[in-house]
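Asker:
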Amino acid sequence: MNLRTVSTTPFNDQKPGTSGLRKSVPVFQKLHYLENFIQSIFDSLEGIAGQTLVVGGDGRYYNREAIQIILKMAAANGIGKVLVGQGGILSTPAVSCIIRKYQTFGGIILSASHNPGGPEGDFGVKYNISNGGPAPEKVTEAIFARTQEITEYKILEAADINLDRVGSFKLGTMEVEVMDSVVPYLELMESLFDLEKIRQLVTGGNFGMCIDSLHAVTGPYARAIFEQRLGAKEGTVQNGIPLEDFGGGHPDPNLVYAEELVKVLFGEDAPDFGAASDGDGDRNMILGRRFFVTPSDSLAILTANAHLVPGYQDGLAGVARSMPTSEAVDRVAAKLGIDCYETPTGWKFFGNLLDANKATLCGEESFGTGSNHIREKDGLWAVLFWLNILAVTGKSVEQIVREHWATYGRNFYSRHDYEEVASEPAQQLITELEAKLPTLVGQTLGNYEVKYADNFSYTDPVDGSVSQKQGIRLGFTDGSRIVFRLSGTGTKGATLRVYLESYEPDVSQHQRDTQEALGDLILLANEVAKIQEFTGRDKPTVIT
Ligand code: G6P
Ligand code: ZN
Numbered sequence: 001m002n003l004r005t006v007s008t009t010p011f012n013d014q015k016p017g018t019s020g021l022r023k024s025v026p027v028f029q030k031l032h033y034l035e036n037f038i039q040s041i042f043d044s045l046e047g048i049a050g051q052t053l054v055v056g057g058d059g060r061y062y063n064r065e066a067i068q069i070i071l072k073m074a075a076a077n078g079i080g081k082v083l084v085g086q087g088g089i090l091s092t093p094a095v096s097c098i099i100r101k102y103q104t105f106g107g108i109i110l111s112a113s114h115n116p117g118g119p120e121g122d123f124g125v126k127y128n129i130s131n132g133g134p135a136p137e138k139v140t141e142a143i144f145a146r147t148q149e150i151t152e153y154k155i156l157e158a159a160d161i162n163l164d165r166v167g168s169f170k171l172g173t174m175e176v177e178v179m180d181s182v183v184p185y186l187e188l189m190e191s192l193f194d195l196e197k198i199r200q201l202v203t204g205g206n207f208g209m210c211i212d213s214l215h216a217v218t219g220p221y222a223r224a225i226f227e228q229r230l231g232a233k234e235g236t237v238q239n240g241i242p243l244e245d246f247g248g249g250h251p252d253p254n255l256v257y258a259e260e261l262v263k264v265l266f267g268e269d270a271p272d273f274g275a276a277s278d279g280d281g282d283r284n285m286i287l288g289r290r291f292f293v294t295p296s297d298s299l300a301i302l303t304a305n306a307h308l309v310p311g312y313q314d315g316l317a318g319v320a321r322s323m324p325t326s327e328a329v330d331r332v333a334a335k336l337g338i339d340c341y342e343t344p345t346g347w348k349f350f351g352n353l354l355d356a357n358k359a360t361l362c363g364e365e366s367f368g369t370g371s372n373h374i375r376e377k378d379g380l381w382a383v384l385f386w387l388n389i390l391a392v393t394g395k396s397v398e399q400i401v402r403e404h405w406a407t408y409g410r411n412f413y414s415r416h417d418y419e420e421v422a423s424e425p426a427q428q429l430i431t432e433l434e435a436k437l438p439t440l441v442g443q444t445l446g447n448y449e450v451k452y453a454d455n456f457s458y459t460d461p462v463d464g465s466v467s468q469k470q471g472i473r474l475g476f477t478d479g480s481r482i483v484f485r486l487s488g489t490g491t492k493g494a495t496l497r498v499y500l501e502s503y504e505p506d507v508s509q510h511q512r513d514t515q516e517a518l519g520d521l522i523l524l525a526n527e528v529a530k531i532q533e534f535t536g537r538d539k540p541t542v543i544t
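FYI, the UniProt record's numbering numbers position 375 of the sequence shown as 375, with every residue one higher than the one before it.
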């Protein structure tokens, strides 16, 4: 076995975004591209020699090749041991769980989350630190700085490791342990939820459910948990076999991309409960019979009902949501008398709050919910949380949501995405809007009076770090909000996200259609930001 040192030159586009480095597969396949980034990770992490890392991915195209390269580079860089999921498969929550359980130095996750896969699809690399969470900005900045000065990388010339067989192998002096992808994760779920109670609900004969893994990473996890452990009938998990191109689909659990599941839950003989997860298993969408639960409402409802679930029955230290997420959870926190933190978009911002025990539950409008059990959002965890609440209360999803609105009022909420628009005008839209902000405060726009208008800035209450320009907020005196941001996870052009929210205390208005209830705000958003002018689009590509 030969240790090779390979000369290389920097790529100028290796700056990690909202969630790691995400590019199309052909970009990652460029000579030295993946290697440069991996070497930059190793170079910028002090004290990594001799340590243990976790490596796994969501099974998308290029996953296996990338893992072999990473293993050989890890061996050449003096890493002590690598834990790899069988077949190279590990969901993002499972990686976080394994890092914490085995107290490893960190982990590398190969995924582009909800972006499509395949030879022309996307691929991604994300580094997680020893708390199990995404690397904070100071770490990703150091990695990026290293990519800009890299001159060589190290790799071992060796045969590939057999990733399909569980067991221990040697690569040079480094140990590689190929482990069952599901077991540690299932054990963690056992410790948080009343699986017996859920089993009774699921096997009781009066309850039907459908789980859609969208041919992505959660297939093996969902089958082990729902069909085997909880006794749901075979076929409960649909699209349960991970495929390299996700069967040509878009592994994003929302009403548009999880259309097969939506058809089932909104069809004739709709079951009681439906859920889907994304490519790497950290997102979730919850559906009842002919009923959609917005992610913002889901966070509020989990918070309000957490005392019903064993892992959270002693109460919550606090909750946190990303800034564009609706304020529904704020109302629950106020009633419970706990703190509610507002962070920028990106799960990494929750890490410090969870570590410092300031927050127990966290969530984002982008179909992410999670807790202090790991340091990533967790799709199947959210599904089990909901099932636990259904099992304890005996109520339907719709009943739980409607009762919640009746107690707290309803936050009508929707996100409008303008995907793959030209980058420059999109940036210009934000710049012009930002310049206009100081003049807007106090003005009346249509029926709305502007209470505040700013570009959101966040000071981390734990380490004092400041993150600026995290999204333009227009807040109105009646509690409505419009937020504008450019996505940090897209790989083609720019994606403009417009988040719309209004508050309705009157129960008689709660059955209104969301888009209709937000109609005036939608028009206002277009007008104030000149969306059509800058994007050339007269309507969004995706509405969630
Ligand atoms: C990923 C991140 C989330 C984020 C979402 C949308 O899933 O983990 O934290 O909310 O992407 O990010 P974006 O920048 O595209 O709005
Ligand atoms: Zn994801």
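C-beta atoms are modelled at their ideal positions from N, C-alpha and C, and glycine is treated no differently.
Need the endpoints of the beta strand (DSSP E) that F292 sits in, please.
Answerer: Here the beta strand (DSSP E) through F292 covers 291-293.
Asker: Ligand 1 and S96: does the residue's C-beta get closer than 8 Å to at least one heavy atom of that ligand?
Answerer: No, Cβ of S96 sits at least 8 Å from all heavy atoms of ligand 1.
Asker: For M209, which option in M174, Y408, R289 has the closest C-alpha, if you only look at C-alpha atoms?
Answerer: When only C-alpha atoms are compared, the closest one is R289.
Asker: Quickly, what does DSSP pair Q509 with across the bridge? List them, please.
Answerer: DSSP, once it has assigned bridges, lists no residue as partnering Q509.
Asker: Taking only heavy atoms of ligand 2 into account, decide whether any of them is closer than 8 Å to the Cβ of T92.
Answerer: Yes, ligand 2 has a heavy atom inside 8 Å of this Cβ.
Asker: Of all residues in the structure, which have a C-beta closer than 5 Å to any heavy atom of ligand 1, taken in chain order?
Answerer: So the residues near ligand 1 by this Cβ test are T18, S19, T345, G346, W347, E364, S366, S487, G488, T489.
Asker: Determine, using beta-carbon pairs with one atom in the segment 376-389 and one in the segment 273-284, whether at least three such pairs fall under 8 Å.
Answerer: Enough Cβ pairs lie closer than 8 Å, so yes.
Asker: So A75 and M174 are in contact, right, with Cβ under 8 Å, and what is the actual spacing, rounded?
Answerer: At roughly 4 Å, the Cβ-Cβ gap stays under 8 Å, so A75 and M174 are in contact.
Asker: S191 lies in the alpha helix (DSSP H); which residues open and close that run?
Answerer: Element bounds for S191: 183-192.
Asker: What distance in whole Å lies between the Cβ atoms of E227 and residue 545, which are believed to be in contact at a cut-off of 8 Å?
Answerer: Nothing in the structure corresponds to residue 545, since the chain is present only between 1 and 544.
Asker: Quick check: I161 and L53, are their CB atoms within less than 9 Å of each other?
Answerer: Not closer than 9 Å, so no.
Asker: Is the beta carbon of A422 less than 9 Å from the beta carbon of G493?
Answerer: Yes, they are a contact pair.
Asker: Quick one: which unbroken beta strand (DSSP E) runs of 3-plus residues sit fully inside the segment 203-289? Chain order, please.
Answerer: With a minimum length of 3 residues, the continuous beta strand (DSSP E) runs that stay inside the segment 203-289 are 209-212, 273-277, 284-288.
Asker: Is the segment 50-69 in contact with the segment 22-35, if contact means three or more CB pairs nearer than 8 Å?
Answerer: The segment 50-69, when compared against the segment 22-35, does touch it at the 8 Å Cβ threshold.
Asker: Taking just the CA atoms, how far does A453 sit from A320?
Answerer: Spanning the two alpha carbons is a distance of roughly 22 Å.
Asker: Below 8 Å on the Cβ atoms is my guess for I108 versus S40; work out the distance and round it to an integer in Å.
Answerer: The pair is not a contact, with the Cβ atoms about 12 Å apart (cut-off 8 Å).
Asker: Does at least one heavy atom of ligand 2 sit under 8 Å from the Cβ of R375?
Answerer: Not so, every heavy atom of ligand 2 lies at least 8 Å from the Cβ.
Asker: For ligand 2, any of its heavy atoms closer than 8 Å to the Cβ of H510?
Answerer: H510: no, Cβ never under 8 Å from ligand 2.
Asker: Taking 8 Å as the cut-off, is the beta-carbon of G493 closer than that to any non-hydrogen atom of ligand 2?
Answerer: Result no, Cβ not under 8 Å from ligand 2.
Asker: Which same chain residues end up closer than 7 Å to I241 when comparing Cβ atoms and leaving out the 5 residues on each side of it in sequence?
Answerer: Correct list, in chain order: H215, G219.
Asker: Please report the Cβ distance between S487 and L521, rounded to the nearest whole angstrom; I am assuming they are in contact, meaning their Cβ atoms lie under 8 Å.
Answerer: Actually they do not touch by this definition, with Cβ atoms about 20 Å apart.
Asker: My assumption, with CB atoms under 8 Å, is that P324 sits in contact with G471. Please give the rounded CB distance.
Answerer: The pair is a contact, with the Cβ atoms about 6 Å apart (cut-off 8 Å).
Asker: Quick check: does the Cβ of residue 623 come within less than 8 Å of any heavy atom belonging to ligand 2?
Answerer: In the structure displayed, the chain extends from 1 to 544; residue 623 sits before or after that span and is not available.
Asker: Taking 8 Å as the cut-off, is the beta-carbon of G279 closer than that to any non-hydrogen atom of ligand 2?
Answerer: Flag set: Cβ of G279 near ligand 2.
Asker: Could you check which residue in G247, D245, V262 has the C-alpha nearest to that of P253?
Answerer: For P253, the nearest C-alpha among the options comes from V262.
Asker: By DSSP, does K492 sit in helix, in strand, or in coil?
Answerer: DSSP places K492 in coil when its eight states are reduced to three.
Asker: Just mark L163 as buried or exposed, buried being the case when its beta carbon has 16 or more other beta carbons within 10 Å.
Answerer: Buried, by the Cβ-count rule.
Asker: Tell me L500's beta-bridge partners as DSSP assigns them.
Answerer: BP columns for L500 point to S414, I482.
Asker: Is D297 helix, strand or coil when you go by DSSP?
Answerer: In the structure shown, D297 sits in a helix (DSSP, three-state: H, G or I).
Asker: Quick one: is K23 buried, meaning 16 or more other Cβ sit within 10 Å of its Cβ, or exposed?
Answerer: Buried, because 16 or more other Cβ atoms sit within 10 Å of the Cβ of K23.
Asker: Thinking C-alpha only, which one of S44, F385, Y503 is nearest I286?
Answerer: That would be F385, whose Cα lies nearest to the Cα of I286.
Asker: How many angstroms separate the CA atom of L299 from the CA atom of L354?
Answerer: Going from the Cα of L299 to the Cα of L354 covers about 16 Å.
Asker: Out of V182, N77, T541, which one is the CA nearest neighbour of V6?
Answerer: Answer by Cα proximity: N77.
Asker: List in chain order: all unbroken alpha helix (DSSP H) runs of 4+ residues lying wholly within the segment 332-381.
Answerer: You should have 351-355.
Asker: I'd like to know whether the C-beta atoms of F11 and T147 end up nearer to each other than 9 Å.
Answerer: Taking 9 Å as the Cβ cut-off, F11 and T147 qualify as a contacting pair.
Asker: Does DSSP put P26 in a helix, a strand or coil?
Answerer: Residue state, collapsed to three classes: helix.
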